[in-house]
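Before any comments, here is the structure.
In UniProt numbering, the protein residues as written are 1 to 252.
The following block contains the structure:
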């Protein structure tokens, strides 16, 4: 009887424990009124879309370039009188105009050049009242008006300015002090005020059509040589001003 009673007592306590467990389970916070269990967050690694590149593709000029610009010396018949001794502006204008007209001849005939020089000097005499030693600005005006071409004057130009112009199929005219550039073919001591056409470049030099000599076709100078010989005619002092480097960019 004692064994049976103790068994009943054990069974009773087991039942009580089970009932208590049920109440404890039902009393979890998720079942308590007014209590909301925080949701479980799923944290994902932060990702970002690649940003578009704002860097423009680099553009570089070719190592060498030579435009096919017809050549003429400023004294095509070898007559170095006062007119032809000062006709570098006209000869430079004639060469660039021939190029933009589509003329593919390597050299321009002397008779044609002489006629053109006469026409240009007459135009200058009419518009300026003179034709010897025209300034950079006056030369640019003559090219615009007589040949209907576009001109831009750049001050303190760089080598890149010249190369960029040539690669855009434009031509460059440089006014310089011809006594500072060391051309052995000039009638010495060389022209104190001179203009020439830049038609191309190599890796180390500029290619010019220099009208100051019959040997001036594709004549090469370093950029430094030309840049260090700036000149522009100054009518107020009747000689050159050397305080700034100028270039005329000519295009259609």
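Backbone N, C-alpha and C define an ideal beta-carbon position, used for all residues, glycine too. Keep in mind it's a predicted model, so treat the numbers as computed, not measured.
Is DSSP giving residue 92 helix, strand or coil here? helix
Assuming residue 253 contacts residue 181 (C-beta within less than 8 Å), just tell me the rounded distance between them. Lying outside 1 to 252, the shown extent of the chain, residue 253 is not represented and no answer is given.
Proximity of residue 276 and residue 92 at Cβ, strictly below 8 Å: The chain is shown only over 1 to 252; residue 276 falls outside these bounds and no answer can be derived.
Applying the criterion that 16 or more other CB atoms from any shown protein chain within 10 Å of the CB defines a buried residue, is residue 183 buried or exposed? buried
The beta strand (DSSP E) that contains residue 199, what's its start and end? 194–201
Using CA atoms only, rank isn't needed, just tell me which of 132, 97, 71 is closest to residue 238. 132
Measuring alpha carbon to alpha carbon, tell me which residue in 189, 68, 70, 116 is nearest residue 177. 189
When the Cα atoms are used, what is the spatial distance from residue 68 to residue 242? 31 Å
Do you know offhand how far residue 151's Cα is from residue 100's? 13 Å
Going by other Cβ atoms of all chains shown within 10 Å of its Cβ, with 16 needed for buried, is residue 31 buried or exposed? Annotation note: pLDDT 43 at residue 31 (below 50); position unreliable, coordinate value reported separately. By the 10 Å Cβ count, residue 31 comes out exposed.
Starting from the Cα of residue 126, find the closest Cα among 153, 109, 145, 108 and give me that residue. 145
Is it true that the CB of residue 104 sits closer than 8 Å to the CB of residue 202? no
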